[in-house]
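Protein chains in written order, with our numbering: chain A, 347 to 625; chain B, 944 to 1204; chain C, -14 to 287.
Backbone N, C-alpha and C fix where the C-beta goes; we use that ideal spot for every residue, glycine too.
Below: one structure, written as structure tokens.
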């Protein structure tokens, strides 16, 4: 195996030019990851989604970085053809709401096959698609293969999305709030599927989420983002001992079932959390 | 019971006509006493929001009995009785008219009911939800999600209702904003003697806000529990227990035991 | 604009509903004025307005009675755009004709659009048999080509500008009703309408205060895009002698009068045709610009 990390970002920046001036959505974000479950957490507007999109070259803003490399090969300035060879094949992405990600006028099976177009015969491709559906714990793959997207529940749709992403056996999966539209029990089942895949297929996972509590129990390592910057990076197991007041604040906010409090803790934001950014 | 403020008996609510009719709520009974906050918990499609909309008078296609403040509610609710129960919706952007200023959103209910001192009441309502006077003439798109939800709460309070129906009031908000909004709701409930019915999929939020809760599944209440029982994990029904386990975070071993439905 | 006005308009803490509304309009205007084509459309519209208002000052000669000795003179000299077969100055007739055009456009807009929005919004909000009756009526009107229907109405009502306006308005409202109904259906189930019901708002209040404001943007866009068509139908009616009674100048009938000499005395029908073209283009450009501002769903960077 090669020594270079699966993904390496050094000073990743994303900015948007709006009529009111330049907005820095992501500022100097740096991290390295291997075949692990890396979480990027933060509140809405923290830049976590923009960071994820920038890695896949899907950002609408202006992306710059000192280095952004996948297996040691740069992802900066790739042309459309080079991206096609990577996107959906070596790096795949799962979005928040499966209803908007699946094509509504195409049966599920055809969409799965499309994700796998140039690998082997139609028969083996179909068998593989059914395998994938089974691997995301769909009980009746034949039926789901023929189903239309509108016939599926949210949890089922998200499993299909994941199956679709896996057809190409990507080395890295970027999941942007993949479970926040799902019910709690279904959510955990979908997470268990992702967990299995990381273990058995040796895949890397970037898990973008706002839910620190979930991330603490699910991921290996956590990147905490605030206003476009990474405030701290730490192992998920040590999240409770986080040093940064923002991380502590976020952990303290949600009500707990087992430990009732009279009042919830409110997060106090401090402008000094942000490092000045070099122009 | 004399201090019951909401009495629901054998409430059945369906959607669609004839053969395609689907029962969303199947013969539900519950009672809420005045000042007691009551939670309805369950996963999507379990009928919890449907019950809330029927209580509010937004859904007229129900059978059974609904009593609010000791009065039987008809399917068509007259204007005067609409004041008894007001609602706060899940999505704070979708529940505020995009072309109305905060001022108009808050003063319109007062004009409809011919109440006096519109100016003073609007100012008071903004103050109660901790919004500044500068927010009064803003449009919803000029405010953050938390501020918008405060406006929605102010609108629900301005007619001085007895009951506030909260439909996932914080699920569209960040946790830090959720904490602020839940604290605000608690304070207002105590100050104004309100009764809340809170619908949520989040057991933590319900446990924090409510004294008593009902766990729903597929249109039926499977279990009613006190918040202390939930805190001590003393739930009886297997589905409630599964929901409780799932709410505690990711746990490999527990998930394999989940029942699909 | 004085800086203090600008500050008042762009304040993020308006102190009255009036200021909030003005600020919203000003931001819309800023977006509109960044679109050069829309501004060109606005200039054309303002020119039409000016020519209608100041026709007596702008027209050098009498538009109605001509000098038969000077029939069919080529452009140049005293007659900038030449004369027609009755020796009338074409420039002056175009200037006065803009009054007719503006009157038709304005009257059609203020009659057809409100009819359409009331029918469409009531049908969409009330549903049931009201919707069935109103929308079938709309479909019946839509089933005929606009020009044919307008011709039939104009023929039945007789010639004259009032009847032409009525005929055009009767054919123009159905698409507006359809748009208003579609927007209403999208708005009807929203939480803010539910909240208005909870507040005790009557159906009338909900339709007028909550639903119609949401229908207006797409309707305004559609009306301004339609104005080009209205001008062309008016010109068509004039061309067929069903519009304005002669000798009052009207662009369509001017084209019609010149068609027998189109090759020899091309200017007689060309210049009124150019006027029709320019004004139609102007309304189209304004409509496109308004769509980008009011209805950003179809815009490029909404």
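**Item:** Unbroken alpha helix (DSSP H) run spanning residue 550 of chain A, endpoints
**Value:** Segment 550 to 555 is the beta strand (DSSP E) holding residue 550 of chain A; no alpha helix (DSSP H) there.
**Under 7 Å by beta carbon: chain A residues contacting residue 1198 of chain B** = 534, 535 and 538
**Request:** Leaving out five residues on either side along the sequence, give the residues of the same chain with a beta carbon under 8 Å from the beta carbon of residue 637 of chain A.
**Result:** This structure does not reach residue 637 of chain A, given that chain A is present from 347 up to 625, and the question cannot be answered.
**Prompt:** Given that a residue counts as buried once 16 or more other Cβ atoms are within 10 Å of its Cβ, and exposed if not, what is residue 446 of chain A?
**Reply:** exposed
**Asked** When the Cα of residue 1163 of chain B is compared with those of B:973, B:959 and B:963, which residue comes out closest?
**Response** B:973
**Prompt:** So what's residue 1029 of chain B in DSSP terms, helix, strand or just coil?
**Reply:** The DSSP-derived three-state label of residue 1029 of chain B is strand.
**Message:** As a quick exercise: from A:351, A:375, A:520 and A:350, pick the residue whose alpha carbon is nearest that of residue 579 of chain A.
**Reply:** A:375
**Contact list for residue 1134 of chain B against chain C, beta-carbon separation under 9 Å** = From the beta-carbon of residue 1134 of chain B, no residue of chain C is found nearer than 9 Å; the closest lies around 22 Å away.
**8 Å Cβ shell around residue 89 of chain C - same chain, five flanking residues per side excluded** = 146, 149, 150, 153, 215, 216 and 219
**Request:** Could you check which residue in C:260, C:195 and C:174 has the C-alpha nearest to that of residue 1001 of chain B?
**Result:** C:174
**Prompt:** Whose CA, out of C:208, C:162, C:5 and C:119, lies closest to the CA of residue 1077 of chain B?
**Reply:** Closest in alpha carbon position to residue 1077 of chain B, among C:208, C:162, C:5 and C:119, is C:5.
**Item:** Three-state secondary structure (DSSP) of residue 24 of chain C
**Value:** Of the three classes helix, strand and coil, the one that applies to residue 24 of chain C here is helix, per DSSP.
**Message:** By alpha-carbon positions, which one of B:1110, B:1095, B:1192 and B:1173 ends up nearest to residue 999 of chain B?
**Reply:** Of the residues B:1110, B:1095, B:1192 and B:1173, the one whose Cα lies closest to the Cα of residue 999 of chain B is B:1110.
**Request:** Going by DSSP, name the residue or residues bridged to residue 61 of chain C.
**Result:** Assignment of beta-bridge partners to residue 61 of chain C by DSSP yields C:64.
**Request:** Could you tell me whether the stretch 7 to 27 of chain C touches the stretch 45 to 59 of chain C, using the rule of 3 or more Cβ pairs below 8 Å?
**Result:** no
**Message:** For residue 1075 of chain B, would you say it is in contact with chain A, using Cβ-to-Cβ distances shorter than 9 Å as the test?
**Reply:** no
**Item:** Whole-angstrom distance between residue 1059 of chain B and residue 96 of chain C, CA atom to CA atom
**Value:** 38 Å
**Request:** List the endpoints of the continuous beta strand (DSSP E) containing residue 575 of chain A.
**Result:** 575 to 581
**Prompt:** Between residue 380 of chain A and residue 444 of chain A, what straight-line distance do the alpha-carbon atoms span, to the nearest angstrom?
**Reply:** 27 Å
**Message:** Under 7 Å, CB to CB, which of the residues in the stretch 1040 to 1066 of chain B have a partner in chain C?
**Reply:** Taking 7 Å as the upper bound on Cβ-Cβ separation, chain C lies near residues 1040, 1042, 1044, 1046, 1047, 1051, 1052, 1055 and 1056 of the stretch 1040 to 1066 of chain B.
**Item:** residue 1170 of chain B classed as buried or exposed, judged by whether at least 16 other C-beta atoms fall within 10 angstroms
**Value:** buried
**Asked** Does the Cβ-Cβ distance between residue 481 of chain A and residue 543 of chain A come in under 9 Å?
**Response** yes
**Item:** Assigned secondary structure, residue 981 of chain B (DSSP; H/G/I helix, E/B strand, else coil)
**Value:** DSSP places residue 981 of chain B within a strand segment (E or B) once states are collapsed to three.
**Request:** Using a Cβ cut-off of 9 Å, pull out every chain B residue sitting near residue -1 of chain C, in sequence order please.
**Result:** 1044, 1077, 1079, 1080 and 1081
**Asked** What's the gap between the Cα of residue 236 of chain C and the Cα of residue 167 of chain C?
**Response** 36 Å
**Prompt:** So what does residue 1143 of chain B bridge to, in DSSP terms?
**Reply:** Per DSSP, B:984.
**Item:** Exposed unless 16 or more other CB atoms sit within 10 angstroms - verdict on residue 287 of chain C
**Value:** The predicted model places residue 287 of chain C with a pLDDT of 28, which falls under 50 and marks its position as unreliable; any figure quoted below should be read in that light. That one is exposed.
**Prompt:** Taking a cut of 9 Å between CB atoms, which residues from the stretch 176 to 187 of chain C lie near chain E?
**Reply:** Of the protein chains in the structure, A, B and C, none is chain E.
**Asked** Going by beta carbon distance, what residues of the same chain come within less than 8 Å of residue 567 of chain A, once the five residues before and after it are set aside?
**Response** Result list for residue 567 of chain A: 379, 382, 383, 384, 385, 579, 580, 581 and 582, in chain order.
**Request:** Return the chain-ordered list of same chain residues with a C-beta closer than 8 Å to the C-beta of residue 13 of chain C, the five sequence neighbours on each side being excluded.
**Result:** 278 and 279
**Message:** Relative to the C-alpha of residue 1057 of chain B, which candidate in B:997, B:1107, B:1102 and B:1198 has its C-alpha closest?
**Reply:** That would be B:1102, whose Cα lies nearest to the Cα of residue 1057 of chain B.
**Message:** Using a Cβ-Cβ cutoff of less than 7 Å, which residues in the same chain neighbour residue 192 of chain C once the five nearest sequence positions on both sides are dropped?
**Reply:** 106, 107 and 110
**Request:** With residue 1005 of chain B as the anchor, note down where its beta strand (DSSP E) starts and where it stops.
**Result:** 1005 to 1011
**Message:** Bridge partners for residue 572 of chain A per DSSP, in chain order?
**Reply:** A:575
**Asked** Given 8 Å as the limit, is there contact between the stretch 47 to 59 of chain C and the stretch 73 to 86 of chain C, that is, 3 or more CB pairs closer than that?
**Response** yes
**Message:** Across the stretch 119 to 134 of chain C and the stretch 57 to 71 of chain C, are there enough close Cβ pairs to call them in contact, namely three or more that are closer than 8 Å?
**Reply:** no
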